[in-house]
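From first to last, the protein sequence lines stand for chains A and B. As numbered in numbering that gives the first Met the number 0, residues 0 to 403 make up the first sequence, in order. As numbered in numbering that gives the first Met the number 0, residues 0 to 166 make up the second sequence, in order.
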Amino acid sequence: MISFLNANATIIIYLVKIALLLFIVLTVNAYLTWFERKVVAHMQSRWGPHRVGPHGLLQPLADGAKFLLKEDPTPAGVDKFTYFLAPLMALALALTSIAIIPFGPEPLHIRGRDITLGIADLNIGILALFAITALSVYGVALAGWSSNSKYPLLGGLRSSAQMVSYELALTMSVVGVLLLAGSFNLRDIINAQAHHPERGILGWNVWPQILGFFCFFVAAVAETNRVPFDLPEAESELVAGFHTEYASFKFAMFFIAEYTSMITVSCLCTIMFFGGWLSPFPASWTFTHYLPSVILLPFGLWVIWDGIRYETIFGKIILPGVGAAITAMGAVLIAFPAVNEFIQGPFWLLGKIFVFLFVYVWMRGTLPRFRYDQLMSFGWKLLLPVSIANVVITAFAILMWGAR
Amino acid sequence: MTPQLAIFFVLAALAVLGALNLIIQRHPIHSALSLIVVMIALAGLYLLMGSEFVAAVQIIVYGGAIMVLFVFVIMLLNAGVEERTNVSKLAGVAGIPLAVALLGFLAAAIARSNESAQAGVESGTLANTKEISTMLFKDFVYPFELTSFLILVAIVGAIVLAQREKS
């Protein structure tokens, strides 16, 4: 048994990493729905989910059970093969793209083996991501077409036109970053931003590439079919757009795919424009390494305090437990400096990703939907020229003053 | 049999089956989907030869942009199931023998070439991103720019043709 494990260690480590990442991503997805409902609710002076579990924290579980147990009728006249293929494709492609994201600078040393954080470290990282994004149009378009129904067809048509238009701007907008880094590899792109460790936040790509960042973020939101670009599923016009005829778990698959691509886009924004796992502070400010503990300790204590005065018995038990775990994590970080050093990269990366996810939800709570012709003229007449201009300006600047 | 060769055969079989399915399927969308399978299998073959850039571009351009346009147009026109007709006389007399002859020529050319089939199945032997860009933007810059200009002309022409008459 042990010899078998040793002989196939590489494959086993990969399988474990994939399973772990899938578990984490799906859990984060579930709680992202909770987070979104809660934040949008508070923006609209409501409470949001608060019945299932303390603060509605078990709502995602209830939703998941509901999706699994609901009846899943197949409408008459659908194109069977494509109808079943579409949600599978959407989910599989969305989950695949997460595999390319690196989650931390240092590999984990376990029993003499280096385990990198992240699954695939590709030379063509960003191109591979774009290839996957390019294919993910089919999930939506085919779902719309195969349902044999008017509203889904309109949704599918809209989404394929929208995604093809915005993909151009999406691809052009990162060329500036690629020129600065001189590589497609995501790790190289982050390391290129760490060239002057003392500059901290000022060394990030977002400053020289502010135009590129603007184009990238807008185009990426459009690619994920989120507000204000959610025309493929505009509920006030098209019922539910491309997934009108889908029920139960097939519907959930589209939902998970959408939230997963939100996470991927947040990761990409962070990595390409906001320095990935780099700290915003200059490298010599070592006292900022205690920031994770400074955030975790009060947060854990607050959760304990909140749990004790919670009205239900269940909340009184669960919340202090979770709070104690968070406080313990903060204490461990102070007690073991090696762990603290290791956690710095992932801490900043995840923190920035969380900020972008919040921006996503914030936009949903704030912005109205585009009209269709506005969407098209915005994409073709503003985003694409601006991103091309950004490429020209960046190339010229690099020619004049060098990449750094 | 090396793993590379096994992967090659799987991808090659996928490409050939996809191409056959493209012809056999009677619905345009299914044909388009088969063509996407062919494109992705080809991208896999490029990856096997170590040219990651070409593989990614193959998927982005062909699998993503061009095939999405195909699917979009098929959906927009709401093209129905095509009807089967009997093989036309011309196809029986000229088409099938010509196809067989073409296959024979190609097979003979491949069999006679000096490079063994496995020579390409090695990582890193084909052009990487840097070499491709040097070739495009240095050695062949004039043909490349000329092609871009041609495409631009075609786009402008398409827009002129598609424009509604102003009344």
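Here a beta-carbon is modelled for each residue, glycine too, at the ideal position from N, C-alpha and C.
Less than 6 angstroms between C-beta atoms, sequence neighbours within five positions excluded: which residues of the same chain meet that for residue 25 of chain B? Taken in chain order, the residues that qualify are 80 and 81.
Please name the residue in A/182, A/381, A/104 and A/320 whose C-alpha comes closest to that of residue 276 of chain A. When only C-alpha atoms are compared, the closest one is A/104.
Proximal residues, the stretch 58-70 of chain B versus chain A, C-beta separation under 9 angstroms: So the list reads 58, 59, 60, 62, 63, 64, 66, 67, 68 and 70, given in the order they occur along the chain.
Which first and last residues belong to the alpha helix (DSSP H) in which residue 305 of chain A is found? That run of the alpha helix (DSSP H) goes 290-307.
Inter-residue Cα distance where the pair is residue 218 of chain B and residue 65 of chain B: No information on residue 218 of chain B is available, as it lies outside the stretch 0 to 166 that chain B covers here.
So, with DSSP's three-state summary, where would you put residue 167 of chain A? Looking at residue 167 of chain A - three-state DSSP - the assignment turns out to be helix.
Helix, strand or coil: how does DSSP classify residue 177 of chain A here? Taken through DSSP and simplified to helix, strand or coil, residue 177 of chain A comes out as helix.
Which runs of the beta strand (DSSP E) spanning at least 3 residues fall entirely within the stretch 15-69 of chain A, listed in chain order? The stretch 15-69 of chain A contains no complete beta strand (DSSP E) run of 3 or more residues.
CB contact below 9 angstroms: residue 155 of chain B versus chain A: At a cut-off of 9 angstroms, the C-beta of residue 155 of chain B has no neighbouring C-beta in chain A.
Can you tell me whether residue 35 of chain A is buried or exposed? The criterion is at least 16 other CB atoms within 10 Å of its CB, across all chains shown. That one is buried.
In this structure, how does DSSP classify residue 198 of chain A when only helix, strand and coil are distinguished? Three-state result, residue 198 of chain A: helix.
Own chain, CB closer than 6 angstroms to residue 57 of chain A, minus 5 neighbours either side, in chain order: Hits under 6 angstroms: 51.
Residues from the stretch 109-127 of chain A in contact with chain B, defined by Cβ distance under 8 angstroms: Within the stretch 109-127 of chain A, the residues whose Cβ lies closer than 8 angstroms to some Cβ of chain B are 121, 122, 123, 126 and 127, listed in chain order.
Below 9 angstroms between beta carbons: does that hold for residue 90 of chain A and residue 262 of chain A? Remark: C-beta atoms of residue 90 of chain A and residue 262 of chain A do not approach each other more closely than 9 angstroms.
Pull out every residue of the stretch 124-140 of chain B whose Cβ sits closer than 9 angstroms to any Cβ of chain A, in chain order. Those residues of the stretch 124-140 of chain B that come within reach of chain A (Cβ to Cβ, closer than 9 angstroms) are 127 and 128.
Identify every residue that forms a DSSP beta bridge with residue 4 of chain A. Per DSSP, residue 4 of chain A has no beta bridge partner at all.
Please state if the CB of residue 174 of chain A and the CB of residue 211 of chain A are separated by a distance shorter than 9 angstroms. Yes.
Beta-carbon proximity check, residue 62 of chain B vs residue 28 of chain B, cutoff 9 angstroms: Not in contact: residue 62 of chain B and residue 28 of chain B (Cβ atoms no closer than 9 angstroms).
Can residue 332 of chain A and residue 317 of chain A be called in contact, C-beta distance under 9 angstroms? The criterion of a C-beta distance shorter than 9 angstroms is not satisfied by residue 332 of chain A and residue 317 of chain A.
For a minimum of 4 consecutive residues, which ranges assigned as the alpha helix (DSSP H) are wholly contained in the stretch 329-365 of chain A? Listed in chain order, they are 336-365.
At which residues does the beta strand (DSSP E) containing residue 108 of chain A begin and terminate? Looking at the DSSP string, the run of the beta strand (DSSP E) that includes residue 108 of chain A is 107-109.
Can a CB atom of chain A be found closer than 9 angstroms to the CB of residue 42 of chain B? For residue 42 of chain B, the nearest CB of chain A lies under 9 angstroms from its own CB, placing it at the interface with that chain.
Measure the alpha-carbon distance for residue 226 of chain A versus residue 357 of chain A and round it to whole angstroms. Approximately 13 angstroms between the Cα atoms of the pair.
Residue interval of the beta strand (DSSP E) (run including residue 113 of chain A): Where residue 113 of chain A is concerned, the enclosing beta strand (DSSP E) stretches over 112-114.
Check whether the Cβ atoms of residue 86 of chain A and residue 161 of chain A lie closer than 9 angstroms to each other. The Cβ atoms of residue 86 of chain A and residue 161 of chain A lie no closer than 9 angstroms to each other.
Would you say residue 122 of chain B lies against chain A (beta-carbon separation less than 9 angstroms)? Caution is warranted here: a pLDDT of 48 is assigned to residue 122 of chain B, below 50, making its placement in the model unreliable, and the coordinate value is therefore given only provisionally. So, not an interface residue.
Helix, strand or coil for residue 3 of chain B? Go by DSSP, reduced to three states. In the three-state reduction of the DSSP assignment, residue 3 of chain B falls in the helix class.
The stretch 31-50 of chain A in contact with the stretch 101-116 of chain A per 3-pair CB rule at 8 angstroms: Not touching, per the Cβ criterion.
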